[in-house]
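S.K.: I am attaching a structure below and will ask some questions about it afterwards.
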Amino acid sequence: MKKKVIAVFCALTLMFGMSLTAMAEASPSGTKDTTDTTNTTSKAPETGEANLLIYGVAAAALLSGTAVISRKRLEALK
540 MKKKVIAVFC
550 ALTLMFGMSL
560 TAMAEASPSG
570 TKDTTDTTNT
580 TSKAPETGEA
590 NLLIYGVAAA
600 ALLSGTAVIS
610 RKRLEALK
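For what it's worth, my numbering labels the leading residue of the sequence shown as 540, then goes sequentially.
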């Protein structure tokens, strides 16, 4: 049972770790950007916080599947 819990924990850690993005890039020049932005109606792009619902559903499916399989195996041992 302890190995299953550790395996589920590792799977969840990998799932959440692979979903993070890293967008680091060195600046091509050290000069300050002084361009005047007059367009204030533009909207910034979404940053991906809405994906939290998808991660929660995936985690619930993974945990419920593990519980069902564990229950079937326990019933088979009785």
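Even glycine gets a Cβ: it sits at the ideal position worked out from N, Cα and C.
1. Kindly indicate which three-state DSSP category residue 552 falls into: helix, strand or coil?
2. According to DSSP, is residue 558 part of a helix, a strand, or is it coil?
3. Looking at residue 609 and residue 542, is the spacing between their C-beta atoms short of 8 Å?
M.R.: Quick answer:
1. Here residue 552 corresponds to residue number 13 of the sequence shown, with the count starting at 1. Residue 552: helix per DSSP, three-state reduction.
2. Counting from 1 along the sequence shown, the entry for residue 558 is found at position 19. It is coil, neither helix nor strand.
3. Your numbering for residue 542 matches position 3 in the sequence shown. Your numbering for residue 609 matches position 70 in the sequence shown. Against a cut-off of 8 Å, the Cβ pair of residue 609 and residue 542 comes out as no contact.
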